[in-house]
Ligand code: NDP
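In the numbering used here, the protein residues as written are 328 to 810.
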């Protein structure tokens with residue numbers, strides 16, 4: 328009996344016009360399931376029912392929202408082992424990372440459950456006598472959420488949780504590469520005491536159902552995480568309807584390793600940042616900018632650490648690096664290895680496809696040295712287990728190289744100097760700065776986002792998310808009572 332999964336629209340599980348196969352990238356002989364693809368009538372139905380449900384949700388008070396969000400968060404955390412395994416099976420990240428991601432997703436919901444009770448507005452004195460002013464946040468309305476495959480549960484959760492907490496309805500189009508995690512999260516949300524239609528899952532390809540969603544005048548706001556070209560397309564479509572947008576896109580994050588840094592910390596931080604999640608993170612450290620005084624010692628240790636990383640099936644407890652997500656991603660990665668070689672970067676290790684006991688999209692983590700920041704491998708997001716090392720002669724050169732990119736999500740420095748760390752924090756042109764830490768790895772209660780081509784629109788996460796998921800109303804009241 329095949330495992331068939333449906334879309335969730337207007338409080339009902341519904342089949343679509345077609346289905347896609349979901350296969351395990353660690354073992355492509357394993358079919359995880361068949362997933363329904365929503366059609367445009369179903370999308371319209373979702374949009375209309377979301378509009379009605381949102382009004383009820385906004386009216387029905389903050390304790391109902393608190394309980395629903397707490398219920399979702401608690402179940403995600405309690406089932407993180409089971410759902411983390413499912414996530415690792417379909418996405419390919421090692422089991423510990425899959426479990427950790429589902430647990431973290433639960434924390435986004437419990438955090439925003441608490442935020443529902445903290446929706447406290449402002450008031451102001453009027454410049455006119457006898458008038459009082461109150462300033463409060465209202466829901467935006469119906470939010471379209473388009474999420475990627477690399478953090479299928481966490482990214483969706485850090486968008487869905489604040490959307491619901493601040494009184495909105497949701498239409499969620501997850502990445503077609505990771506539908507099992509999307510259905511699992513939807514099953515948990517569907518159990519809560521929420522109006523039918525408040526939360527809708529519409530699986531389908533980005534080019535068809537995703538594009539229709541972003542072009543719809545029935546949507547009030549779109550939160551997207553993915554590639555720059557798709558983000559640009561969403562921005563262009565959204566402006567036609569003046570739809571509010573929040574875009575989190577690519578990056579080319581750099582870690583600067585200084586001559587006064589602790590070498591062991593530098594190597595550990597660089598290995599985690601470059602190869603965690605097989606480099607498929609928008610926060611990955613793909614450029615390692617190393618001071619010439621420590622360059623050779625760093626390279627020796629970093630190469631040894633890279634060669635020690637155990638690549639394998641995501642569900643094998645020993646695995647530190649799973650496969651990459653798809654054959655297309657693997658082809659792209661191998662293309663970038665060829666690009667680097669053509670640019671005369673020296674490949675010191677990895678970069679080839681690996682044969683394993685099960686057929687999957689395995690690749691040996693790769694390290695280029697002798698690279699220049701102007702090379703394509705240092706300018707374009709690769710989303711791959713590929714790190715390139717750039718040698719610099721000074722801290723100032725390191726900082727200007729970190730900033731010499733069109734992106735600006737995260738950056739990092741390894742140094743023992745408080746003065747340098749402080750200068751770096753102030754002058755790195757990125758949304759997040761990491762000192763003696765990997766460029767990847769953030770908390771759930773503080774803002775996340777970048778500059779340049781990495782982000783567009785208000786920040787995600789923490790209380791800052793209110794900026795996107797709410798709209799401000801200013802009310803003037805004349806009491807009419809004489810003083
Ligand atoms: P995409 O930007 O294509 O996909 C992200 C999401 O957008 C998916 O849900 C996708 O649907 C959807 N989408 C695609 N096209 C449209 C469209 N025209 N309108 C609306 N939605 C759309 O990224 P990919 O998954 O193809 O990855 C390609 C590259 O993008 C990666 O190699 C990486 O460089 C970058 N990326 C960056 C991420 C980040 O975290 N910043 C996350 C993912 C990718 P579908 O499921 O059909 O693909």
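Ideal Cβ placement from N, Cα and C applies to all residues, glycine included.
Short of 6 Å in beta carbon distance, which residues of its chain neighbour residue i, apart from the five on each side in sequence? Order them along the chain.
i	result
residue 336	369, 372, 373, 527
residue 407	426, 429, 430
residue 453	460
residue 508	414, 479, 480
residue 344	366
residue 739	582, 761, 766
residue 720	619
residue 677	691, 692, 693
residue 433	400, 403, 404
residue 411	425, 426, 429
residue 774	786, 788, 789, 791
residue 545	374
residue 331	361
residue 532	503
Considering only their Cβ atoms, is the gap separating residue j from residue i smaller than 8 Å?
i	j	result
residue 680	residue 648	no
residue 468	residue 381	yes
residue 505	residue 418	yes
residue 639	residue 702	no
residue 553	residue 473	yes
residue 283	residue 475	Residue 283 is absent from the structure shown; the chain starts at 328 and stops at 810.
residue 600	residue 712	no
residue 549	residue 377	no
residue 334	residue 379	no
residue 646	residue 421	yes
residue 611	residue 767	yes
residue 787	residue 777	no
residue 496	residue 540	no
residue 643	residue 742	no
residue 614	residue 744	no
residue 621	residue 598	no
residue 440	residue 470	no
residue 530	residue 722	no
residue 558	residue 783	yes
residue 748	residue 458	no
residue 685	residue 354	yes
residue 352	residue 781	no
residue 484	residue 435	yes
Considering only the alpha carbon of each residue, which of the options lies closest to residue i?
i	options	result
residue 792	515, 438, 534	438
residue 393	552, 718, 520, 789	520
residue 617	727, 404, 342	727
residue 568	547, 559, 383, 558	547
residue 731	333, 605, 742, 717	717
residue 662	697, 709, 558, 624	709
residue 625	596, 423, 723	596
residue 581	347, 760, 362	760
residue 556	540, 578, 353, 543	578
residue 771	405, 714, 488	488
residue 542	738, 367, 355	367
residue 672	594, 688, 694, 689	694
residue 762	513, 773, 746	746
residue 641	699, 360, 690	690
residue 627	594, 409, 400	594
residue 356	483, 433, 643, 687	687
residue 493	790, 410, 805, 412	790
residue 360	416, 405, 399, 397	416
residue 769	517, 482, 598, 794	482
residue 603	477, 533, 330	477
residue 705	737, 670, 675	670
residue 278	397, 564, 623	Outside the modelled stretch of the chain, which goes from 328 to 810, sits residue 278, for which no answer is possible.
residue 576	696, 707, 675, 384	707
Let me check you understand the geometry: is the CB of residue i closer than 7 Å to at least one non-hydrogen atom of ligand 2?
i	result
residue 553	The ligand content of the structure shown is limited to ligand 1, which means ligand 2 is not among them.
If I measure Cβ to Cβ from residue i and keep anything under 7 Å in the same chain, skipping five residues before and after, which residues do I get?
i	result
residue 779	733, 734, 735
residue 358	348, 350
residue 389	443, 444, 446
residue 660	651, 690, 709, 711, 713
residue 764	596, 739
Can you find the residues in the same chain that come closer than 8 Å, C-beta to C-beta, to residue i, ignoring five residues on each side of it along the sequence?
i	result
residue 339	523
residue 561	473, 541, 549, 551, 572, 574
residue 513	335, 499, 526, 528
residue 807	457
residue 450	459, 460, 461, 462
(message) Does the structure place the segment 662-669 close enough to the segment 623-640 that three or more beta carbon pairs sit under 8 Å?
(response) no
(message) Check whether the segment 756-768 and the segment 555-569 touch, using three or more Cβ-Cβ pairs below 8 Å as the test.
(response) no
(request) Mind the definition here: the segment 797-804 touches the segment 457-466 only if three or more C-beta pairs lie below 8 Å; say whether that holds. (result) Taking a cut-off of 8 Å for Cβ pairs, the segment 797-804 and the segment 457-466 touch, as three or more such pairs fall below it.
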